[in-house]
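Trainee:
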Amino acid sequence: MASLFSLTKELGGCGDPRAFVDFIAENPVTRQKIQIKAMVDTGSVNCGIRGDAARSLGLVPYATSELTTAENKTIKPNYKVNLILPNYSVIPNLKATEFTIGENFNFILGMNFLRYCDISFSNTDDKSIFSIHIPLPK
Numbered sequence: 021m022a023s024l025f026s027l028t029k030e031l032g033g034c035g036d037p038r039a040f041v042d043f044i045a046e047n048p049v050t051r052q053k054i055q056i057k058a059m060v061d062t063g064s065v066n067c068g069i070r071g072d073a074a075r076s077l078g079l080v081p082y083a084t085s086e087l088t089t090a091e092n093k094t095i096k097p098n099y100k101v102n103l104i105l106p107n108y109s110v111i112p113n114l115k116a117t118e119f120t121i122g123e124n125f126n127f128i129l130g131m132n133f134l135r136y137c138d139i140s141f142s143n144t145d146d147k148s149i150f151s152i153h154i155p156l157p158k
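Everything in the sequence shown is counted per the numbering used here, starting at 21 for the first residue and increasing by one.
#1: Report the residue ranges of all beta strand (DSSP E) runs contained in full by the stretch 42-130; include only those spanning at least 3 residues, in chain order.
#2: Do you know offhand how far T62's Cα is from D138's?
#3: Mapping DSSP to helix, strand and coil, what is L31?
#4: Where do the ends of the beta strand (DSSP E) carrying D138 lie?
#5: If Y82 sits next to N66, beta carbons under 8 Å apart, how far is it from one beta carbon to the other, in whole angstroms?
#6: Taking the Cβ atom as the reference point for each residue, do E118 and I56 lie within a distance shorter than 8 Å?
#7: Which same chain residues, not among the five before or five after V110, have their C-beta less than 8 Å away from its C-beta?
#8: Within this structure, are the beta carbons of F40 and M59 separated by less than 8 Å?
#9: For I126, count neighbouring C-beta atoms within 10 Å of its own C-beta (all shown protein chains included) and say buried if the count is 16 or more, exposed if not.
#10: For L27, I'd like the list of residues in its chain whose CB is within less than 6 Å of its CB, leaving aside the five on either flank, ordered along the chain.
#11: May I ask you to list the residues that DSSP assigns as paired with F40?
#12: Between the beta-carbon of T120 and the beta-carbon of G71, is there less than 8 Å?
#13: Measure the alpha-carbon distance for A73 versus I54 and round it to whole angstroms.
#14: Use the C-beta contact count for I128: other C-beta atoms within 10 angstroms, 16 or more gives buried, fewer gives exposed.
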């Protein structure tokens, strides 16, 4: 199957088993770009962007959403952001809601992005492997 993007990597193990992917985020209006470290979160409806990353890109909120975490509910701004994949393909105008938690990542890949992907997590001989594959559009 032809793909727009594919990545397979070993996860951090018991210390940090979360899956991270490096991308470039781009302001769709000004084309300002920054490197981001995105955490894969299948429990998140939408993508998220940490507030400092949104400010670095000069993003302007277009709406707000209620953000629900394990601890509380808050109203946070929504932004549109382009994701530039490692092969330079662009996923345009993704909705990303601002978040403030997370020290070692500044973007969350939620289901509004992941619904276009094939994802797998596997474990063999105490090694966790994460794969993400984005098929070419038909």
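Glycine is no exception: its CB is placed at the ideal position from the N, C-alpha and C atoms.
Mentor: Looking at the atomic coordinates:
#1: Those beta strand (DSSP E) runs which fall completely within the stretch 42-130 and span 3+ residues are 53-60, 67-70, 83-88, 93-104, 110-119, 127-129.
#2: When only Cα atoms are considered, T62 and D138 end up about 12 Å apart.
#3: In this structure, L31 counts as coil in the three-state DSSP scheme.
#4: Residues 138-144.
#5: Contact doesn't hold; Cβ gap of about 13 Å is too wide.
#6: No, the pair does not count as a contact, with Cβ atoms beyond the cut-off.
#7: Correct list, in chain order: E46, N102, L103, I104.
#8: Yes, these two residues count as a Cβ contact at 8 Å.
#9: The question names Ile, but residue 126 in the sequence shown is Asn. So N126 counts as buried.
#10: Contacts found: I152.
#11: Looking at the DSSP output, F40 shares a beta bridge with M59.
#12: Yes, Cβ-Cβ distance for T120 and G71 is below 8 Å.
#13: The straight-line gap from Cα to Cα measures roughly 8 Å.
#14: Looking at its Cβ environment, which holds 16 or more other Cβ atoms inside 10 Å, I128 is buried.
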